[in-house]
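Student: Sharing a structure below in structure tokens format, with a few things to ask.
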Amino acid sequence: MVYRRGMTHHTLDARHLLCPLPVIRTQNRMKTLNKGDVLVVTCTDPGAVNDIPMWCRINGHTVIGTATTNNEIMITIRSE
Amino acid sequence: MPVFAHIGDFHYLCIICYDYRPLLDNHADKNMPGNHKAVALISGGLDSMLATKVILEQGIHVEGINFFTGFCVEGHTHAIRKKSHSQPKRNNALWVAEQLGIKLHFIDVIDEYKGIVINPKHGYGANMNPCLDCKGFMVKKAKQWMEEHRFDFIITGEVMGQRPMSQRKNAMPIVARESGAYDRLLRPLCARLLTPTLPERAGWVDREQLFDFSGRSRKPQMALARQYGINDYAQPAGGCCFLTNEHYAAKLSDLWLTRGRKEYELEDIMLLKVGRHLRPRPYFKLIIGREEGENNFLNGYRQRYTHIRTLSHEGPTALLEGHADNTDLKLAAQVVARFSQGRMAPSVKVHVTVTNGETRTLDVVPLSNNEIPASWYIGAA
């Protein structure tokens, strides 16, 4: 992923939270971001792989990357 | 004959039958069609999906809200149980919103909801379900959201007579009144059985295109779903809240009885959803995983509880909540061994880690089925 100048990078630890808490935490954190900011959400709930991108589609944000390491899922979202 | 008392802007309450009537509609925006917005309570079930669809079809802008109380059946349960992993996981409220093309806002009400669970004004249903208070609370929160975001009315998927507590004919006005929503609360699926609401009287929605569903049958909703081309939906009726489940209710009651007070934290109510719960002694309880997914979930809590796992045979992860001396720990190990692959073995090696970090390995004889009294089980076996 390429970071552009002016893009602020944020992280959210949503590990050990189960649906819908990863989505709720993501929603609440995204409200504080500016357009163009990036949020990397780390989860362990397998459902987050579908739920967070679905939330993004519904609310007009963009998932720009998903990675899985061991049992952790990292979803990168750009605020639109 | 009704006797009215003024209770707010343009609303009057009959003090005899407690039915409310809007006396004046001067505030209604009758001359700006197509300019109204509704907030829909979206549970993820079929009824809320249909109710929203009905209003969307009339050109109303709708956004959804979903309240997280901590007692939801889906999601958590599906994420925990490994055998469910072969099925696609989804949050049904989100899925409904995406299917309908509407935004969905999650509202975390875990803390506020405690008062509803602990001391419901209208009491509990068959188990620990405070459905009437719950519905009133959620509609009240929806009203707050409506006002904050300058929406015009609230819609729910309620169907008269479908649920035994909150959807009785005489309960529905209570929800509208006690939430403060009054006639800004529209139930599209049964609106034609109820007094016309403000959106209907004002012409924002066409009452003739609303419905008169009632009773426990799901057939009208399923027929409407087919008409809309909706073939996929979550379980159509109820069962979305653990508080309606008798086994869960038994565990929650046990929690409160043991603690001597009615209170809980999110962690408590999450753990009640998982595993077998046994109370071999009044002062400690075992939570025993039933399969790999539950074991993994319970492992996430092992730093805060005494935890037990079998070493010599495949077996569950178990948490011990409460206080246990050495004799109790041996008993707990024997119980856990009973639920392992070594249940018929003469001896099972069990690893115990106490909360202070101390560990020990015990060789125990698993308890037989007859040695575990039914009274030890909290909720289902």
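Line by line, the protein sequences give chains A and B.
If you're matching positions, the first sequence starts at 260 in the numbering used here and goes up one per residue.
If you're matching positions, the second sequence starts at 93 in the numbering used here and goes up one per residue.
From the three backbone atoms N, C-alpha and C, an ideal C-beta is built for every residue, glycine too.
1) Under 6 Å Cβ to Cβ from His-443/B, same chain only, skipping five residues before and after it: list those, please.
2) Cα separation between Gly-249/B and Cys-282/B?
3) Could you run through the region 186-209 of chain B and flag, in chain order, every residue whose CB is less than 8 Å away from some CB of chain A?
4) Closer than 7 Å, Cβ to Cβ, to anything on chain B: give me those residues from the region 280-305 of chain A, in chain order.
5) Specify the secondary structure class of Gly-136/B as computed by DSSP and reduced to three states.
6) Three or more C-beta pairs closer than 8 Å, one from the region 153-164 of chain B and one from the region 290-299 of chain B: is that the case here?
7) Compare the Cα-Cα distances from Val-165/B to each of Gly-381/B, Asn-337/B, Val-456/B, Ala-466/B and report the closest residue.
8) Any Cβ of chain A within less than 8 Å of the Cβ of Asn-118/B?
9) Could you give the first and the last residue of the continuous beta strand (DSSP E) run that contains Gly-414/B?
10) Grab the span of the beta strand (DSSP E) containing Asp-310/A for me, first residue to last.
11) Would you report the Cα separation of Gly-253/B and Leu-280/A, rounded to the nearest angstrom?
12) Tell me which residues share the same chain as Gly-471/B and place their Cβ nearer than 7 Å to its Cβ, disregarding the 5 neighbours each side in the sequence.
13) Evaluate Lys-294/A with the Cβ neighbour count: other Cβ atoms within 10 Å of its Cβ, from every protein chain shown; 16 or more gives buried, anything less gives exposed.
14) List the residues of chain C that His-275/A touches, going by C-beta distances under 7 Å, in chain order.
15) What does Arg-310/B reach in chain A if we use C-beta pairs closer than 9 Å?
16) Between Asn-337/B and chain A, is the shortest Cβ-Cβ distance under 8 Å, so that the two count as touching?
17) Check whether chain A comes within 8 Å of Arg-396/B, counting only Cβ atoms and requiring the distance to be less than that.
18) For Arg-394/B and Arg-293/B, what's the separation of their Cα atoms in angstroms?
19) Along the region 271-290 of chain B, where does the CB come closer than 8 Å to a CB of chain A? Name the residues.
20) Tell me the rounded alpha-carbon separation between Asn-219/B and Leu-390/B.
21) Against chain A, does Phe-229/B count as a neighbour if the rule is that its beta carbon must be under 8 Å from one of theirs?
22) Return the CA-CA distance between Ile-322/B and Tyr-274/B, expressed in angstroms with no decimal places.
23) Pull up the DSSP beta-bridge partners for Thr-398/B, would you.
Tutor: In this structure, then:
1) Translated into the one-based positions of the second sequence, residue 443/B becomes position 351. Taking C-beta separations shorter than 6 Å and ignoring five residues to either side along the sequence, the partners of His-443/B in its chain run Arg-401, Leu-403, Thr-453, following chain order.
2) As a first step, residue 249/B must be located in the second sequence, where it is residue number 157. As a first step, residue 282/B must be located in the second sequence, where it is residue number 190. If you take the alpha carbons of Gly-249/B and Cys-282/B, they lie about 9 Å apart.
3) Leu-186, Trp-187, Ala-189, Glu-190, Ile-194, Lys-195, Leu-196, His-197, Phe-198, Asp-200
4) Listed in sequence order: Val-282, Ile-283, Gln-286, Asp-304, Pro-305.
5) Within the second sequence, numbered from 1, the residue matching residue 136/B stands at position 44. Of the three classes helix, strand and coil, the one that applies to Gly-136/B here is coil, per DSSP.
6) no
7) Taking the second sequence and counting its residues from 1, the one referred to as residue 165/B is at position 73. For Val-165/B, the nearest C-alpha among the options comes from Asn-337/B.
8) In the second sequence, the residue the question calls residue 118/B occupies position 26. Its pLDDT being 39, under 50, Asn-118/B is placed unreliably in this model, and the value from its coordinates should be taken loosely. Taking Cβ atoms only, chain A never reaches closer than 8 Å to Asn-118/B, which makes this a no.
9) Position 322 of the second sequence holds residue 414/B. Looking at the DSSP string, the run of the beta strand (DSSP E) that includes Gly-414/B is 409-414.
10) For the purposes of this step, residue 310/A is taken as the residue at position 51 of the first sequence. Per DSSP, Asp-310/A belongs to no beta strand (DSSP E); it is in the alpha helix (DSSP H), 307-318.
11) Indexing the second sequence from 1 puts residue 253/B at position 161. Indexing the first sequence from 1 puts residue 280/A at position 21. The straight-line gap from Cα to Cα measures roughly 32 Å.
12) Within the second sequence, numbered from 1, the residue matching residue 471/B stands at position 379. His-339, Tyr-340, Ala-342, Lys-343, His-369, listed in sequence order.
13) Taking the first residue of the first sequence as 1, we reach residue 294/A at position 35. Looking at its Cβ environment, which holds fewer than 16 other Cβ atoms inside 10 Å, Lys-294/A is exposed.
14) Judged by its chain identifiers, the structure shown contains no chain C, and its protein chains are A and B.
15) Within the second sequence, the letter at position 218 stands for residue 310/B. Correct list: empty, because the minimum Cβ distance to chain A is about 25 Å.
16) Position 245 of the second sequence, counting from 1, holds the residue named residue 337/B. Not an interface residue.
17) Mapped onto the second sequence, residue 396/B falls at position 304. Closer than 8 Å: no.
18) Numbered from 1 along the second sequence, position 302 holds the residue referred to as residue 394/B. Numbered from 1 along the second sequence, position 201 holds the residue referred to as residue 293/B. Taking the straight line joining both Cα atoms gives about 58 Å.
19) none
20) In the second sequence, counting from the first residue as 1, residue 219/B sits at position 127. In the second sequence, counting from the first residue as 1, residue 390/B sits at position 298. Rounded to the nearest angstrom, the gap between the Cα atoms of Asn-219/B and Leu-390/B is 26 Å.
21) Taking the second sequence and counting its residues from 1, one reaches residue 229/B at position 137. No, because no Cβ of chain A sits closer than 8 Å to the Cβ of Phe-229/B.
22) Along the second sequence, one-based indexing puts residue 322/B at 230. Along the second sequence, one-based indexing puts residue 274/B at 182. About 31 Å.
23) As a first step, residue 398/B must be located in the second sequence, where it is residue number 306. Answer is Leu-412/B.
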